[in-house]
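**Q** Let me give you the structure first, and then I'll get to my questions.
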Amino acid sequence: MQKFIYSLPLLSFFFLFSCGGSSETATETKDSTETLDLKTTWEIEAFADVQVLSYEIPGFDSLTVKQKTLVYYLYEAGLSGRDMIWDQNYRYNLQIRNALENIVRNYAGDKSSDDWNKFMVYTKRVWFSNGIHHHYSMDKFLPEFSKDYFQTLLSETSTTLDSVIITAMFDPTIDMKRVSQDTKSDLITSSAMNFYGEGVTEKDVENFYKEKMENGGDKPIEFGLNSKLVKNPDGTLTEQVWKVGGMYSEAITEVVYWLKKAQGVAENDKQAKALGLLVEYYETGDLQKWSEYNIAWAEATEGDIDYIQGFVEVYGDPMHMRGTYESIVQLKDFEASARMKTLEENVQWFEDNSSIMDEHKKKNVVGVTYKVVNVAGESGDASPSTPIGVNLPNANWIRTLHGSKSVSLGNLVEAYDNAGGDGLLEEFANDAEEIDLAKQHSKLAAKLHTAMHEVIGHASGQINQGIGTPKETLKSYASCLEEARADLVALYFIMDPKVVELGLMESLDVGKAEYDGYIRNALVVQLRRIEPGRDVEEAHMRNRQLVANWALEKGAKDKVIERIERDGKSYYNITDYDKLRILFGELLREIQRITSEGDYNAGKNLVEKYGVKVDTALHTQVLERSKSLNIPPYNGFVNPILIPVMDKDGNITDVKVSQPESFEAQMLTYADKYGFLAKTK
Ligand code: ZN
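With this note's numbering as the guide, the letters of the sequence shown map in order to residues 663 to 1343.
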């Protein structure tokens, strides 16, 4: 499983710092003035430890009607399966949600009381987590209002809820962990998730699948992915398969309805074939079909629209077998693609004009391909909390034989970067000039940096003959040095007039904003992600600190970057951008030399001296300053609303995009429109 989650270091979730994460990720919007105006609408609301944002769908208007229709059908398919994750997460989630929503809709009493506020916070937390367990920590969160108050709300709105379920909500000794990692007890019986029936144990599961897995061959199906495993009265085990006519049939039938419509407006044959196989899989529950579908999906690489749909990730199951329902609908990021194309077409010019030694330059350099998409709608495991990138399919043999797709979810990354961004900027920037420059140019700067880092940075340079790969020669320092190398290529060229000439930016001010932001982040802002007393460990964070500290030291005598102390706060200020560019060029030349020659000791010294250690006093200060900004640690999104416009014959002639009124409004609408399983509870 390869998924990038923003700000949530969970299991093997690929997050924040990877290539394709955070500030490295290019995203797109039509023009910067438009996005500035929209920014105020990005933050929908905050409660408990989360912040709910909204996002736009850049590029949607430039799709054809047929493409928009395809997006709309896939979007409806995704939402139609929404209730499944609620039931998968916990057996009482849907009943609890029904009760909470009935109260929200019908309670006519005092809505200004502390108790009511606490009730609404609880309800929103349940909506956000698709259940009563925290979406990230997996711990059950307890209501902060009393059971008596809840009973009053229930009776005043004529809402019924089984007393066993009410107890489950309030009792801190029942079902406290959705997915237990505690290997001292049975992982299944100590987890509250709903993938296994009463009495099923780890041993049962191992025995049930042992033989099947041993006989799985070299192209195994994903055993157990689409079913609940239950124990029969005689002690035998049965898979209750999630399919049309099986478990979750009410929801899956709706998903299939929309997928068939999507198949009818597919952009090309390969896409249509994949959608057809997905329908067959949902209709039969046959995991062999799921494998066939994944192959077809991985090979359907043409077209502007793509999607993720199914029981995909297995983190919700302590046995890592059963897939949680999710859907993401995406379209190509047209502007990011255009930018990458321009860089690719000129990649040899960048190589020839780089600061690295001639003998390390490639004679025929080829740009690295990097995919950015914009999300049009998410559901299930991807919503409201979302990954920022996805790399699928999960089956290794399919990845090896048929390829995989790795994408960065550009518009979501952009929304994240901007939420709370001004607070950080205003706290840590040295002066008004720096803030202005950032507000005007930092978005484009970040996108350009990412594109250059990926397309020309990682592509640049060659290893001397007879020298092994960086992984072999530079060992544990290889990835940090590789990221530094790619960053330095981007930093070196983002202040080059050639980039203006290519039409990628209007002036070198974009480069200056990038230099400010890079130094500010590397030396100050990123420290807030490190726990007190710890070193910098993650490769991208190390590389940034290495680059910035090195430039700080080498430029010290000319005061290229100066450290300023004011009111007990520290700031860094760049006094000479041109000289800083020369320093970046020198460090690039040295790191390329280290890479080309496989000079382990020099690489190690660079990383250890500049990249690892943290100034304790500054670190403490940064943590204090961040804390006072009150930026919630978790983010999630409401989806834009897609509304089809029909002619009198019922044909779709256009699809309009709007934004929901509020998080609450969207959740209530979803319950109404897509509550296919909740209605049966
Ligand atoms: Zn990289």
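Just so you know, even glycine gets a beta-carbon here, dropped at the ideal spot from N, CA and C.
If distances are taken between C-alpha atoms only, which option among GLU860, ALA854 and ARG1243 comes closest to LEU1150?
**A** Among GLU860, ALA854 and ARG1243, the Cα nearest to that of LEU1150 is on ARG1243.
**Q** Please indicate yes or no: does the CB of HIS1115 lie closer than 8 angstroms to some heavy atom of the ligand FMN?
**A** By its list of ligands, the structure shown excludes the ligand FMN, since it contains just the ligand ZN.
**Q** Considering only residues of the same chain and omitting the five flanking positions on each side of VAL746, which have a CB-CB separation below 6 angstroms?
**A** According to the sequence displayed, residue 746 carries Met and not Val. Cβ neighbours of MET746 beyond the five flanking positions: TYR910, ALA913 and TYR987.
**Q** Buried or exposed: where does PRO1194 fall if 16 or more other Cβ atoms within 10 Å of its Cβ makes it buried?
**A** By the 10 Å Cβ count, PRO1194 comes out exposed.
**Q** From MET981 to LYS846, what distance separates their C-alpha atoms?
**A** Spanning the two alpha carbons is a distance of roughly 14 angstroms.
**Q** Start and end of the beta strand (DSSP E) containing THR845?
**A** It is not in any beta strand (DSSP E) - THR845 carries neither H nor E in the DSSP assignment.
**Q** What are the residues that DSSP puts in a beta bridge with ARG1225?
**A** Partner(s): TYR1234.
**Q** If you run the structure through DSSP and keep just helix, strand and coil, what is ALA1108?
**A** Residue state, collapsed to three classes: helix.
**Q** With three or more beta-carbon pairs closer than 8 angstroms as the criterion, would you say the segment 920 to 939 touches the segment 717 to 736?
**A** Cβ pair count under 8 angstroms is three or more, so yes.
**Q** Which of the three DSSP states, helix, strand or coil, is assigned to MET1157?
**A** MET1157 falls in the coil class under three-state DSSP.
**Q** Mind checking who TRP704 pairs with in its DSSP beta bridge?
**A** Per DSSP, none; premise fails for TRP704.
**Q** Output needed for GLU1018: all residues of its chain with C-beta closer than 7 angstroms, excluding positions within five of it in sequence on either side, in chain order.
**A** The sequence shown places Ile at residue 1018, rather than the Glu named in the question. Only GLY1123, LEU1250, ARG1251 and GLN1254 meet the Cβ criterion.
**Q** Taking the alpha-carbon positions, what's the SER775 to MET855 distance?
**A** Distance between the alpha carbons of SER775 and MET855: 34 angstroms.
**Q** Excluding the 5 residues preceding and the 5 following LEU1143 in the sequence, name in chain order all residues of the same chain whose CB lies nearer than 8 angstroms to its CB.
**A** Around LEU1143: PRO1132, LEU1136, ASN1205, ILE1253, ILE1256, THR1257, GLY1265, LEU1268 and VAL1269.
**Q** Within a Cβ cutoff of 7 angstroms, which residues of the same chain sit near ALA962, ignoring the five residues on either side of it in sequence?
**A** Closer than 7 angstroms at Cβ, skipping near neighbours: LYS932, GLN933 and ALA936.
**Q** Give a single yes or no on whether ALA1340 has its beta carbon closer than 8 angstroms to a heavy atom of the ligand ZN.
**A** The answer is no for ALA1340.
**Q** Pull up the DSSP beta-bridge partners for PHE973, would you.
**A** Looking at the DSSP assignment, PHE973 forms a beta bridge with TYR987.
**Q** Quick check: is any heavy atom of the ligand ZN less than 8 angstroms from the C-beta of GLU1145?
**A** Yes, since a heavy atom of the ligand ZN falls inside the 8 angstroms radius drawn around the Cβ of GLU1145.
**Q** Report all residues from its chain with a CB closer than 6 angstroms to the CB of MET663; omit the five preceding and five following residues, and keep chain order.
**A** Confidence at MET663 is low in this model, with a pLDDT of 43, below 50, so the placement of that residue should be treated as unreliable; the coordinate-derived value is given next. Around MET663: GLU975 and ASN1056.
**Q** Return helix, strand or coil for THR946, following the three-state DSSP convention.
**A** Of the three classes helix, strand and coil, the one that applies to THR946 here is helix, per DSSP.
**Q** Any idea which residues DSSP pairs PHE803 with across the strands?
**A** Note: PHE803 sits in no beta bridge, so no partner.
**Q** Please find out if some non-hydrogen atom of the ligand ZN comes closer than 8 angstroms to the beta-carbon of HIS1120.
**A** Under cutoff, so the answer is yes.
**Q** Is ALA1148 close to the ligand ZN? I mean its beta-carbon at under 8 angstroms from any heavy atom of the ligand.
**A** Yes, the Cβ of ALA1148 comes within 8 angstroms of a heavy atom of the ligand ZN.
**Q** Where do the ends of the beta strand (DSSP E) carrying SER1288 lie?
**A** Here SER1288 belongs to no beta strand (DSSP E); instead the alpha helix (DSSP H) covers 1278 to 1289.
**Q** What's the call for GLY771, buried or exposed, on a 16-neighbour Cβ count within 10 Å?
**A** By the neighbour-count rule (16 or more Cβ atoms within 10 Å), GLY771 is not buried but exposed.
**Q** Please tell me whether PRO1046 and PHE1299 are closer than 9 angstroms, where the distance is taken between their beta carbons.
**A** It is a contact, given that the beta carbons lie within the stated cut-off.
**Q** Say whether the segment 819 to 839 touches the segment 799 to 806, bearing in mind that this needs 3 or more beta-carbon pairs closer than 8 angstroms, one atom from each stretch.
**A** Touching, per the Cβ criterion.
**Q** Helix, strand or coil for HIS795, going by three-state DSSP, please let me know.
**A** Residue state, collapsed to three classes: strand.
**Q** Which residue marks the beginning of the alpha helix (DSSP H) containing ALA618, and which one marks its end?
**A** The requested residue 618 is not part of the displayed model; the chain covers only 663 to 1343.
**Q** Looking only at its chain, what residues have a beta carbon closer than 7 angstroms to the beta carbon of VAL1030, apart from the 5 residues adjacent to it on each side?
**A** So the qualifying residues of the chain are GLU1116, VAL1117, HIS1120 and ALA1121.
**Q** Output the boundary residues of the beta strand (DSSP E) element that contains GLN729.
**A** From DSSP, GLN729 is part of no beta strand (DSSP E) but of the alpha helix (DSSP H) over 727 to 742.
**Q** By a C-beta neighbour count over all protein chains shown, 10 Å radius and 16 as the cutoff for buried, is SER684 buried or exposed?
**A** Residue confidence for SER684 is low, a pLDDT of 32 falling below 50, so the modelled location carries little weight and cannot support an answer.
**Q** Does the segment 891 to 904 come within contact of the segment 1325 to 1337, defined as at least 3 CB pairs closer than 8 angstroms?
**A** Counting Cβ pairs under 8 angstroms, fewer than three are found: no touch.
**Q** Buried or exposed, going by whether 16 or more other CB atoms sit within 10 Å of the CB of ASP844?
**A** Per the 10 Å Cβ criterion, exposed.
**Q** For ASP1334 and VAL1274, which I take to be in contact (beta-carbon distance under 8 angstroms), what is that distance rounded to the nearest angstrom?
**A** The Cβ separation is near 54 angstroms, so there is no contact.
**Q** At 3 residues or longer, what runs of the beta strand (DSSP E) sit wholly inside the segment 1108 to 1142?
**A** Correct list: empty.
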